[in-house]
Amino acid sequence: MMLPWLNPARAGALLDALRERILVLDGAMGTMIQQHGLQEDDYRGERFAHGYDALYATHGHAHGPGCGCGHDQKGNNDLLTLTRPDVIAAIHRAYLEAGADLVETNTFNSTAIALADYGLSHLARELNQAGARLARGVCDAVEAQDPARPRFAVGVLGPTNRTASISPDVNRPGHRAVTFDELRDAYRDAAEGLLDGGADVLMVETVFDTLNAKAALFAIEEAFDARGARVPVMVSGTITDASGRTLSGQTAEAFWYSVAHARPVAIGLNCALGARELRVHVDALAQVADTHVSCHPNAGLPNAFGGYDETPEDMARVLGEFGRAGLLNLVGGCCGTTPAHIAAIAEAMRGVRPRVVPALAPLPSGGSGGSGRGEVEPDRALDPAPPPPNLSLHAQGEEQNA
Ligand SMILES: [Zn+2]
Ligand SMILES: [Zn+2]
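Residue numbers (the working numbering): 344 to 745.
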């Protein structure tokens with residue numbers, strides 16, 4: 344049984360907009376932060392002036408000179424939500440003004456696991472709540488000037504910097520740097536913060552390890568159960584190698600079958616590759632997924648200096664073809680993209696009809712790997728099985744999508 348919407352008006356507005364047009368996601372946060380040339384002091388602000396949180400210490404500890412709690416914070420982009428909210432709000436606003444319908448919260452690394460690198464694990468819930476509140480506030484301000492068009496704050500749950508299904512040590516193949524339950528706890532905390540802060544949607548983004556994503560989806564369901572209400576969930580995976588698979592070895596179709604049990608409002612691909620390289624994989628998702636399809640690629644493949652070279656016009660041309668081919672319901676940009684890219688992409692989608700979500704017959708019992716807790720159906724673990732005989736791919740009227 345599906346829980347009711349936490350915010351029925353916003354969820355309804357999103358589903359209505361998805362029926363009408365291809366919705367535009369924002370572009371990169373990191374790329375835009377880089378342009379501000381922020382220094383260590385900007386990251387720290389007053390509260391973190393000594394490299395630790397002056398408002399927090401473990402029980403019995405008193406911070407002081409040489410107490411050892413200080414960490415460099417430059418590069419901890421999510422901390423800027425608290426220390427330079429002006430910068431983050433301006434980036435959200437620039438994307439909305441460029442034509443984005445949805446902005447992603449500045450919370451990609453705001454889990455206790457990823458924040459451990461900066462000695463700020465305790466800050467996860469606060470960063471998620473503040474990140475969602477900031478993004479939602481900018482959406483409110485832009486909506487007030489243009490009430491006909493709703494804007495949405497997408498609460499982002501990143502992959503963390505650890506992988507649950509692969510050993511980081513070639514000499515200890517059975518070793519795992521993180522467990523499912525550690526990930527679940529961290530994602531639960533993050534999801535609660537995002538919901539408290541007013542996120543309209545939750546997105547499990549840049550999934551390179553499906554087991555990490557399953558932990559996130561499990562935690563999200565727990566958070567929904569505790570509230571007795573849900574928000575729409577999006578899932579976006581990352582193809583990390585030339586054979587067209589995620590780091591945990593799945594094709595795009597197999598990835599979809601692994602997360603379909605969560606009934607996401609959208610399934611998609613982002614990061615690692617440019618739009619051209621993603622086309623075949625987005626096409627594969629568009630064939631098998633009975634939900635909306637999203638794509639937010641990087642601005643091409645990284646150049647020799649780790650930068651991205653595709654111009655707004657390059658990206659808009661390639662993604663415009665995706666749209667006309669009927670592959671897209673949501674589109675935006677990842678690494679290297681800017682408001683100029685999003686403006687060009689939004690222009691390319693103008694008047695292009697969204698992909699019609701196909702109505703698929705249910706898979707045979709046991710066929711869609713529905714336990715949700717870690718295990719992946721063996722036959723679908725890496726490559727999807729051929730479609731079962733009762734899986735009929737026939738597009739029905741758009742009014743049936745809801
Ligand atoms: Zn200390
Ligand atoms: Zn990216």
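We put the beta carbon where it would ideally sit given N, CA and C, even for glycine. Please read all numbers here as calculations on a predicted model, not as lab measurements.
Task: Expected contact under 8 Å - CB spacing of Ala559 and Leu500 to nearest Å - done: About 5 Å separates the two Cβ atoms, so the contact holds.
Open item on the list: If you measure from each CB to the nearest heavy atom of ligand 1 and keep those under 5 Å, what residues do you get, in chain order?
Closed with: Any residue whose Cβ sits closer than 5 Å to a heavy atom of ligand 1 makes the list: His406, Cys410 and Cys412.
Task: Closest by C-alpha distance to His518, when choosing among Thr594, Asp633, Thr506 and Glu525 - done: The residue with the shortest Cα to Cα distance from His518 is Thr506.
Open item on the list: Judging by CA-CA distance, which residue of Ile685, Gly540 and Arg573 is the nearest neighbour of Gly442?
Closed with: Among Ile685, Gly540 and Arg573, the Cα nearest to that of Gly442 is on Ile685.
- [ ] Leaving out five residues on either side along the sequence, give the residues of the same chain with a beta carbon under 6 Å from the beta carbon of Val481.
- [x] Cβ within range, chain order: Ala432, His435 and Arg436.
Task: beta strand (DSSP E) runs wholly inside the segment 593-657, at least 3 long, in chain order - done: DSSP runs (the beta strand (DSSP E)) wholly in the segment 593-657: 609-617 and 635-641.
Open item on the list: For a test of the three-state rule: what should DSSP assign to Asp439, helix, strand or coil?
Closed with: Sequence inspection shows Leu at residue 439; the Asp mentioned does not correspond to that position. Correct three-state label for Leu439: helix.
TODO: Look up Met546 in the DSSP assignment and say whether it is helix, strand or coil.
DONE: If DSSP states are grouped into helix, strand and coil, Met546 belongs with the strands.
TODO: Select from Gln382, Asp444 and Arg468 the residue whose C-alpha is nearest the C-alpha of Asn452.
DONE: Nearest of Gln382, Asp444 and Arg468 to Asn452, Cα basis: Arg468.
Task: Where Gly661 sits in the DSSP three-state scheme - done: Sequence inspection shows Val at residue 661; the Gly mentioned does not correspond to that position. In the structure shown, Val661 sits in a helix (DSSP, three-state: H, G or I).
Open item on the list: In the DSSP assignment, the alpha helix (DSSP H) including Val481 goes from what residue to what residue?
Closed with: Looking at the DSSP string, the run of the alpha helix (DSSP H) that includes Val481 is Ala467 to Gln488.
Task: Boundaries of the alpha helix (DSSP H) in which Phe561 is found, first to last residue - done: Note, Phe561: alpha helix (DSSP H), Thr553 to Arg570.
- [ ] Would you tell me roughly how many angstroms separate the C-alpha atoms of Ala627 and Val636, rounded to the nearest one?
- [x] Roughly 10 Å separates the two Cα atoms.
Task: Residue from Leu538, Ala642, Phe665 and Thr589 with nearest C-alpha to Trp348 - done: The residue with the shortest Cα to Cα distance from Trp348 is Leu538.
Task: Cβ shell of Phe551 (< 6 Å), same chain only, five flanking positions each side left out - done: For Phe551, the CB contacts under 6 Å within the same chain, skipping 5 residues up- and downstream, are Pro502, Thr581, Thr583, Thr589 and Leu590 in chain order.
- [ ] Please check the pair Leu470 and Asp369, which I expect to be a contact at CB under 8 Å, by giving their CB distance rounded to whole angstroms.
- [x] Contact between Leu470 and Asp369 is absent: CB atoms are separated by about 18 Å, not below the 8 Å threshold.
TODO: Report whether the distance from the Cβ of Cys614 to the nearest heavy atom of ligand 2 is below 7 Å.
DONE: With a cut-off of 7 Å, the C-beta of Cys614 is classified as near ligand 2, since at least one heavy atom of the ligand falls inside that distance.
Task: Length of the line joining the Cα atoms of Gln743 and Glu363 - done: Model confidence at Gln743 stands at a pLDDT of 33, short of 50, so the residue's coordinates are unreliable; what they give is reported in the following sentence. So the two alpha carbons sit approximately 13 Å from each other.
Open item on the list: I need the boundaries of the alpha helix (DSSP H) containing Met375, first residue and last residue.
Closed with: In the DSSP annotation of this structure, the continuous segment of the alpha helix (DSSP H) that includes Met375 starts and ends at Gly373 to Gln377.
TODO: State buried or exposed for Met345, treating a residue as buried only when at least 16 other CB atoms are found within 10 Å of its CB.
DONE: Met345 is exposed by the Cβ-count criterion.
Open item on the list: Considering just the uninterrupted stretch of the alpha helix (DSSP H) at Glu447, what are its terminal residues?
Closed with: Run containing Glu447: none in the alpha helix (DSSP H); it sits in the beta strand (DSSP E), Leu445 to Glu447.
TODO: Could you work out which residue in Gly474, Glu447 and His465 is closest to Ala455 when comparing CA atoms only?
DONE: Nearest C-alpha to Ala455: His465.
Task: Residue environment, Ser579, which counts as buried when at least 16 other CB atoms sit within 10 Å - done: Of the other Cβ atoms in all chains shown, 16 or more fall within 10 Å of the Cβ of Ser579; this residue is therefore buried.
TODO: Please state whether DSSP places Pro721 in a helix, a strand or coil.
DONE: Residue placement at Pro721 is flagged as unreliable, the pLDDT there being 42, under the threshold of 50; the coordinate-derived value follows with that caveat. Looking at Pro721 - three-state DSSP - the assignment turns out to be helix.
TODO: Less than 8 Å between the CB atoms is what I'm expecting for Ala484 and Thr448, so what's the real figure, rounded?
DONE: Not quite, the Cβ-Cβ distance comes to about 16 Å (not below 8 Å), so this is no contact.
Task: Contact the segment 683-698 vs the segment 657-666: 3+ CB pairs below 8 Å - done: In short, these stretches touch, since the Cβ pair count reaches three.
Task: Anticipated Cβ contact below 8 Å, Ala354 with Pro575, distance rounded - done: In this structure, Ala354 and Pro575 form a Cβ contact; the two beta carbons are roughly 6 Å apart against a cut-off of 8 Å.
- [ ] Within its chain, find whatever has a CB closer than 8 Å to the CB of Arg573; leave out the 5 residues flanking it on each side and keep chain order.
- [x] Excluding positions up to five away in sequence, the list reads Met345, Leu346, Pro347, Trp348, Leu349 and Phe567.
- [ ] Could you check the C-alpha separation between Val631 and Phe495 for me, to the nearest Å?
- [x] In this structure, the straight-line span from the alpha carbon of Val631 to that of Phe495 is close to 26 Å.
- [ ] With a threshold of 16 other CB atoms inside 10 Å of the CB of Val521, please say whether the residue is buried or exposed.
- [x] So Val521 counts as buried.
- [ ] Return the CA-CA distance between His414 and Ala356, expressed in angstroms with no decimal places.
- [x] For His414 and Ala356, the distance between alpha carbons rounds to 43 Å.
Open item on the list: Rounding to the nearest angstrom, what Cα-Cα distance links Asn613 and Thr594 in this structure?
Closed with: Taking the straight line from one Cα to the other gives about 14 Å.
Open item on the list: Checking 8 Å against the spacing of the C-beta atoms, do His768 and Val674 come in under that value?
Closed with: In the structure as shown, the chain begins at 344 and stops at 745. Residue 768 is therefore absent and cannot be evaluated.
Open item on the list: I'd like to confirm the pairing. Which residues does DSSP put opposite Ser579 in its beta bridges?
Closed with: DSSP output for Ser579 lists Gly611 as bridge partner(s).
TODO: State yes or no: is the C-beta of Cys638 nearer than 7 Å to some heavy atom of ligand 2?
DONE: Every heavy atom of ligand 2 is 7 Å or more from the Cβ of Cys638, so no.
Task: Among Phe598, Arg622, Leu439 and Asp633, nearest to Arg606 - alpha-carbon criterion - done: Out of Phe598, Arg622, Leu439 and Asp633, Asp633 has the C-alpha closest to the C-alpha of Arg606.
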